[in-house]
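Asker: Per full-length UniProt numbering, the sequence shown starts with residue 1, numbered consecutively. Quick reminder that beta carbons are idealized off the backbone N, C-alpha and C, glycines included.
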Amino acid sequence: MFCDLVGSTALATKLDPEDLRDIIAEYRDSVAAVVRKYGGTVSRYIGDGMLILFGHPSAHEDDAERAVRAALEIAATRHAPGAPAEFELRVRLGLATGLVVVGDLIGSEAAEAQAVLGETPNLAARLQALAEPDGVVIPEDTRRLIGGLFDYENLGAVTLKGFAAPVQAWRVLREGTAESRFEALHPSVLAPLVGREEDLARLERSWRHARAGTGQVMLLVGEAGIGKSRLVAALQERIEREPHTCLRYFCSPHHQESALYPFIAQLQRAAGFDREDTPTTKLDKLRALLSPALSPNEDAAILAEFLSIPNDNLYLPVTSTPQQKKERSFAALVRQLEALAQRRPIMIVFEDMQWIDPSSRELLDRTVDRVASLPVLVLITYRPEFQLVWTGKPHVSLLVLNRLDQNAGAALIRSVAGGQTLPTEIVNEIAERTDGVPLFVEELTKAVLETSPQSIARAISFAPLPGLAVPATLHASLMARLDRIGPIAKEVAQIGAAIGREFSYDLLASVAQRCDNELRAALDRLINTGLVFGSVEPPDANFLFKHALVQDAAYGTMLRGQRRELHARIAGALEERLARGIQEQPEILAHHCGHAGLAEKAVSYWQEAGERSKARSAMTEAIAQMRKALDLLSQLPDAPGRQRTETELQLALGGALIAAKGHAAEETGRAYARARCLCEALNDTPNLLKALWGEFVHYHVRGETDRSHRIAENLLDLAGRQNDAAILVAGHRAVGDSWLHRGQLALARTHLERGLALYDPAQQRSLTALFAENARVAMLSFLSLTCGLLGFADQARVQSSDALAEARDSSHPISLAFALSVACRLHFVLEDAGMVGQRADELVALTTEQRFAFFLAMGTAYRGWTLAEAGDPEAGVDLLRRGIEGFQASGAAWTLPFYLAQLAAAEAKRARYETGLGQLSDALALTQKSGVRWFEAELHRRRGELMLRARPGAEADAETEFRHAIAIAHQQEAKLWELRSAVSLARLWRDQDRGDEARGLLAPVYGWFNEGFDVRDLKESKALLEEL
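Have a look at this one:
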């Protein structure tokens, strides 16, 4: 707050200097007294101005409100009553909210001992200049913190010197008229009640008992922000259509010494008093409020004095001792309650009892006793630190509100977000940091939503998720809790916060420069105040911050230099433990080294952490860790050593991205492209081969087959010249994979078999790091599909089983996902819906658990096809569409025509033939564009079959499609497609009485086969030939 004296220059010209000194001193003392009353401190006197702080050196949860109340009182106070009347002092006040640095700038000089640095004091000074004499001006962020507690005048967006953007300013007029703090500080549209169904049901049961005449008192206890008032509001919403009277009483932290404040305020609201009402008007309103069945004149006289309304002899005067007056006031209020209860049931809401004054507590005690036999429900909310003695009474119940679970927290986040979609990573981060406290959830979600969508997307896509800052709406309350625990306990909390959400006594003691007794006492204090949880006794104890936001607030109380020095001490302690053989997580060391400014060490530890996570198939974590290493690496001087480290990181990152986001993801391509550039600059051929592999698979899966095939052949050629057996395996696998999807099956088989022949299990680790999956699993899987298409179904099934067995033995989830996905494709090709269903179910379960989005999309699509085949095309189409959407989201295109064909088949199951034909046309167009032709023959055959079902007289067009399919299959040596297409054309000719032609077409193709006679195609071919 900046407080400035109006017209001080004029005063100086008219007053003797000594008189001026006395008046200014009196003014300063007067302002300082008000400031102290509200918990603030005068930081500096600047001429006749004063810089005032709230929240330092001790914070309160309502510092913004305290500052505004103080400002209004300062503006209304006559500050120098001893001065001549013509020299009445007036002030201007400006307030602003934000973080500042308070402390010595130039050593221990007293003049700078309370220097306040930051934008906030400058803003307060500029806003002060906008105020009228005895006026108070605040910016928008301060107004948001205090909500409807005050009335305002909008001054609009104002341009202030030194500020780049206009500032929205508000003049504070007076205290507001909101009925409760909850209503004043919350929006008119409340967030939905989530996760409180059982609690609400319990309140409803209590209401039904009370409504039937058995009075109930329900004590709602829970920490700040847990949702006590929101639950009460939900009950009020539920019963709003039922006949009842609601009486609401609110305690205030600023009126704990104001006797009977909640009852007086409720009577004033109920009577409808206005600020401008005369005493006569107020008495008339009071009399109208009171029950006519009682003694209105007597009770009006009693309650008029209770409300400090001059009696003015309108009613019989009441002459009593103070204690008698209180007793009669209490009796009158209880009588009025009884009279109201005779007319209709009553719900009494008594909020925030932890701030109740003693007289109100006494009256509430009587009320609780009296309602036992009345149709009254009393709801009393308070925080856990407050203790009540009513719980032994039979009509009193206790309801402790617990935190929301993970699912309820996520539901609340999405509800607050409304129409905006937040990425899953952000939702999880908010849920984790808010620990199920609804207020924390709401405020942190709103803070995230106020950032740009581009910033959120960038945080997810290109960088590890940053810690979300403590919202301004929560900062004051968290700081207040920390300041109440004392300086040593606060210091220990700061050290613990730097270590992490959870910290051990052993590490704390290694870092803190405190003796054992001091540490234990400080930790006891933290536990007793509910800031941390503790387990067992030191030195084996571990501690956990109760809320992540409390940890954030404690960490935020330290300056950057303090934090850096503390992280260096923590890193040193961890490295000492490492030297003693104690295993430490490298990501923890990396975190502390990074924050200590030890970038080289941090890069090394993050790289180690990423490799460990990748080895455990924790790909999301691996990606985040390697990106952190890359971010820190970019801060180091450019040198060959740095480039080699970046090469290793980019290659490892590419492999992790393949598993987590898919081969075709843009990030995957960027990682391998950057690695290739670095390798070329360093003339690093071994790593260049790995980068080329990554680029091959990226473009291959994106359906850019010409480009990917050139890279594959380049890779094989370079590997051959290097005589590197492991990379030769990669080259043959790449070329084989490429030829398979381009429809050159014999060439594909040759290269895949060569790769398998060269494969050495001793190379498994390096090859898996390169491929992201087990090399032998991948080659066996693609060889099984190749052989199946070539007409060797028995061999194909054996190879697929071998791939799955190898993947299971390797305990490598991404390898198993790969094998399962290709197995699904093989069994789809063989038209074995049962096996597709089995493999798809396992694939979906695995990839859901491992968060492999790319493979999950595949499994979802296969599940959809099996549902359609089993007679539920509606559900099948839904799953197929979801799978295809997920597949497209990954950027993959190389098998999209294949999935569109599945969707077309499912649409045909529900007689949407033209829709299916359109999807097949799209699939053929994509095939022509991409050059991925392995499924091309089958697309034409399916198109012909669907034409016959959709369009009467389409036999000629269908025959053209079948002939085209046979020709393509024959050219590709895809005997399975050739047989299936021949069956389709032979059936058409049979129906046209062209049996001889049909037999002549089908018999030689069927006769070629020497295995796989249990496959559906061969069974149907045999049956058709026998019929012909």
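To which residues does DSSP link residue 550 through a beta bridge?
Answerer: Beta-bridge pairing links residue 550 to no other residue.
Asker: If you drop the 5 nearest sequence neighbours on each side, which residues of the same chain put their C-beta closer than 8 Å to that of residue 460?
Answerer: Any answer about residue 460 is weak, because its pLDDT of 38 lies below 50 and its placement is not dependable; what the coordinates show is given next. For residue 460, where only same-chain residues beyond five positions count, the Cβ hits under 8 Å are 423, 425, 426.
Asker: Strictly by DSSP, which residues pair up with residue 169?
Answerer: Residue 169 is bridged to 139, 156.
Asker: Could you spell out where the beta strand (DSSP E) holding residue 723 opens and where it closes?
Answerer: Segment: none, residue 723 is in no beta strand (DSSP E) and carries neither H nor E.
Asker: Just confirm the distance between the C-beta atoms of residue 512 and residue 492, as a whole number of angstroms; I'd bet it's less than 8 Å.
Answerer: Confirmed, Cβ separation roughly 6 Å.
Asker: Looking at C-alpha atoms only, which residue of 916, 355, 307, 1016 is the closest neighbour of residue 333?
Answerer: With distances taken between Cα atoms, residue 333 lies closest to 307.
Asker: Kindly indicate which residue of 341, 589, 17, 359 has the alpha-carbon position closest to the one of residue 325.
Answerer: Checked all of 341, 589, 17, 359; the closest Cα to residue 325 is 359.
Asker: Can you say whether residue 533 is buried or exposed, counting buried as having 16 or more other CB atoms within 10 angstroms of its CB?
Answerer: Answer is exposed; the Cβ neighbour count stays below 16.
Asker: How far does the alpha helix (DSSP H) with residue 1011 in it extend, from its first residue to its last?
Answerer: No alpha helix (DSSP H) contains residue 1011, which DSSP labels as neither H nor E.
Asker: Provide the residue(s) that pair with residue 346 in DSSP beta bridges, ordered along the chain.
Answerer: DSSP output for residue 346 lists 245, 376 as bridge partner(s).
Asker: What does the Cβ neighbour count give for residue 757, buried or exposed, with the cut at 16 atoms within 10 Å?
Answerer: Its Cβ having fewer than 16 others within 10 Å, residue 757 is exposed.
Asker: Using a 10 Å radius around the Cβ and a threshold of 16 neighbouring Cβ atoms, would you call residue 776 buried or exposed?
Answerer: By the neighbour-count rule (16 or more Cβ atoms within 10 Å), residue 776 is buried.
Asker: Looking at C-beta atoms only, is the number of pairs between the region 669-676 and the region 684-704 that lie closer than 8 Å three or more?
Answerer: Taking 8 Å as the limit for Cβ pairs, the verdict is that the region 684-704 does touch the region 669-676.
Asker: On the DSSP letters alone, give me the boundaries of the beta strand (DSSP E) that residue 277 sits inside.
Answerer: Per DSSP, residue 277 belongs to no beta strand (DSSP E) and is neither H nor E.
Asker: If you draw a straight line from the C-alpha of residue 878 to the C-alpha of residue 432, how long is it?
Answerer: Whole-angstrom Cα-Cα distance: 32 Å.
Asker: Excluding five sequence neighbours on each side, which residues of the same chain lie with their C-beta closer than 7 Å to the C-beta of residue 755?
Answerer: Around residue 755: 729, 732, 733, 736, 779.
Asker: With DSSP as the reference, please indicate the residues paired to residue 759 in a beta bridge.
Answerer: None, per the DSSP bridge assignment.
Asker: Among 64, 35, 66, 63, which residue has its Cα nearest to the Cα of residue 51?
Answerer: Considering only alpha carbons, the answer is 35.
Asker: With a threshold of 16 other CB atoms inside 10 Å of the CB of residue 895, please say whether the residue is buried or exposed.
Answerer: Residue 895 comes out buried.
Asker: Answer yes or no: do residue 256 and residue 357 have a C-beta to C-beta separation smaller than 8 Å?
Answerer: Cβ distance < 8 Å, so residue 256 and residue 357 count as in contact.
Asker: Could you compute how far the alpha carbon of residue 112 sits from the alpha carbon of residue 406?
Answerer: Caution applies to residue 112, whose pLDDT of 47 falls short of 50 and renders its modelled position unreliable; the value that the coordinates give is listed next. Approximately 48 Å, taken between the alpha carbons.
Asker: Sort 160, 919, 891 by Cα distance to residue 904 and report the nearest one.
Answerer: Answer by Cα proximity: 919.
Asker: Apart from the five residues on each side of it in sequence, which residues of its chain come closer than 6 Å, Cβ to Cβ, to residue 505?
Answerer: Excluding sequence neighbours, residue 505 sits near 538, 539, 541.
Asker: Within the same chain, show all residues whose beta-carbon is closer than 6 Å to that of residue 989, passing over the 5 residues directly before and after it, in chain order.
Answerer: 997, 998.
Asker: Only counting the same chain, and skipping five residues up and downstream in sequence, which positions put a Cβ closer than 6 Å to that of residue 10?
Answerer: Cβ neighbours of residue 10 beyond the five flanking positions: none.
Asker: Name, in chain order, the residues that DSSP records as bridge partners for residue 174.
Answerer: Residue 174 is bridged to 151.
Asker: So, with DSSP's three-state summary, where would you put residue 1030?
Answerer: Residue 1030 falls outside the range modelled here, since the chain spans only 1 to 1028, and no answer is possible.
Asker: Please tell me whether residue 203 and residue 230 are closer than 8 Å, where the distance is taken between their beta carbons.
Answerer: Their beta carbons are not under 8 Å apart, which means residue 203 does not touch residue 230 by this criterion.
Asker: Just tell me which of 975, 887, 394 has its CA closest to the CA of residue 745.
Answerer: Nearest option by C-alpha distance: 975.
Asker: At what residues does the beta strand (DSSP E) containing residue 45 begin and finish?
Answerer: Its beta strand (DSSP E) spans residues 41-46.
Asker: Just to confirm my understanding: we take residue 1028, look at its own chain, exclude 5 residues before and 5 after, and list those with CB closer than 6 Å. What are they?
Answerer: Only 995, 998, 999 meet the Cβ criterion.
Asker: Determine the burial state of residue 462: buried for a count of at least 16 other Cβ atoms within 10 Å of its Cβ, exposed for fewer.
Answerer: Its pLDDT being 33, under 50, residue 462 is placed unreliably by the model, and the measurement read from it follows with that caveat. So residue 462 counts as exposed.
Asker: When burial is assigned at 16 or more other CB atoms within 10 Å of the CB, is residue 323 buried or exposed?
Answerer: Residue 323 is exposed by the Cβ-count criterion.
Asker: What is the rounded straight-line gap between the Cα of residue 1029 and the Cα of residue 702?
Answerer: Shown here, the chain extends from 1 to 1028; a query on residue 1029 therefore has no answer.
Asker: According to DSSP, what are the bridge partners of residue 216?
Answerer: Per DSSP, 377.
Asker: Out of 121, 207, 941, state which residue places its alpha-carbon closest to the alpha-carbon of residue 54.
Answerer: Among 121, 207, 941, the Cα nearest to that of residue 54 belongs to 121.
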